[in-house]
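Take the working numbering: the last position of the sequence shown gets the number 1720, and nothing is skipped along the way. Structure first, then comments.
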Amino acid sequence: MEENLDHMHDSVQLEEELSALSSIYGNELSFLDDSGRNISFQLSPTASLCISLPDGYPSKASPIVTLVAPSLRGETRSQTDQEISSVVKEFTGQSMLYGLVEKARELTEACENGLEENTEENSIPKEGVSVEPGSHVPLPEIIHGIPFTERRSTFQAHLAVVHSVKEVQRVLQELKRNRKIAEATHNIMAYRICGQGDSWVSDCDDDGESQAGSRLLHLLNIMDVRNVVVVISRWFGGVLLGPERFKHITNAARNILTENAAIIAHKAW
């Protein structure tokens, strides 16, 4: 009886996870057979990530992951595989596909860009260096929540511990480098930073979702979190949610703040 309940719970979780991923990745996600458990994500024009989901995922079994990237070889390939494997181990027992795909994308893009730079380094004359605004500011660690879908709209929270407005801008800049996040219908943002003495620096941005930013900042205030920026990405699926959308935005933010309370407490001071 208990095994049947676990199986049902896993099936529901997987269905919700795949629905959210389909909303985010669109045609970059493909199913390799009719089982719905063998999928492929296109990471770049030359790289893809194939994932097989055994029975028992996510509670008891981990996905089987294969990175298809002919340009990665030798030590670079070995290190990339190890880092992907570490993500699988870290999130064993949890839904992990979004984090897995984004980590694989990050690694392959970095490796492929490195290969391009090495190829072009000696052939292109350097007349000057253009520095992206804010790129000299160290990038705080960004934590991504698990995306979820409600009535065809997909929501995902992102969080970082920050100590200055420049770090907030650096986090937003980095998030927008991810094409899927940049193409979200709304990226609602709020931050709250403890200044000198008893002063506070805070701000918010609706990004077209009226009143959502102020509600998000209000949540940071009532939870009394400090030195944090939270961004909620929403991909609109065609069904109007009305005021219910604010509940989902708030819940996404509250969940990522609660789940990472220890990290915030450690880094925010």
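In this text, a Cβ means the ideal position worked out from N, Cα and C, and glycines have one as well.
Would you call the segment 1528–1541 and the segment 1476–1494 touching, i.e. three or more CB-CB distances under 8 Å? no
With DSSP collapsed to three states, give me the class of L1551. Taking the first residue of the sequence shown as position 1, residue 1551 is located at position 100. Three-state DSSP puts L1551 in a helix.
Between which two residues does the beta strand (DSSP E) containing I1597 stretch? Against the sequence shown, residue 1597 aligns to sequence position 146. Counting along the chain, I1597 falls outside any beta strand (DSSP E), and DSSP gives it neither H nor E.
Can you name the start and end residues of the beta strand (DSSP E) that T1605 belongs to? Taking the first residue of the sequence shown as position 1, residue 1605 is located at position 154. Residues S1604 to V1612.
Residues bridged to A1712 by DSSP? Taking the sequence shown and counting its residues from 1, one reaches residue 1712 at position 261. In the DSSP output, where bridge partners are listed per residue, A1712 has none listed.
List the residues that DSSP assigns as beta-bridge partners of V1519. Position 68 of the sequence shown, counted from the first residue, corresponds to residue 1519. Per DSSP, S1499.
Decide yes or no for the touch test of the segment 1540–1551 against the segment 1461–1476: beta carbon pairs closer than 8 Å, at least 3 of them. yes
Consult DSSP for H1699 and reduce its assignment to one of helix, strand or coil. Position 248 of the sequence shown holds residue 1699. Helix.
For I1639 and L1667, believed in contact at Cβ under 8 Å, the rounded distance: Here residue 1667 refers to the residue found at position 216 of the sequence shown. Here residue 1639 refers to the residue found at position 188 of the sequence shown. That belief holds up - the Cβ atoms of L1667 and I1639 are roughly 6 Å apart, short of 8 Å.
Does the beta-carbon distance from I1502 to F1606 come in below 8 Å? Locating residue 1502 in the sequence shown gives position 51, where the first residue counts as 1. Locating residue 1606 in the sequence shown gives position 155, where the first residue counts as 1. Contact: no.
Can you list, in chain order, the residues of its chain whose CB lies under 7 Å from that of Q1545, leaving out five sequence neighbours each side? Here residue 1545 refers to the residue found at position 94 when the sequence shown is read from its first residue. Correct list, in chain order: P1509.
Selection from E1618, S1491 and S1604 that minimises the alpha carbon distance to H1637: For the purposes of this step, residue 1637 is taken as the residue at position 186 of the sequence shown. Of E1618, S1491 and S1604, the residue nearest in Cα terms is S1604.
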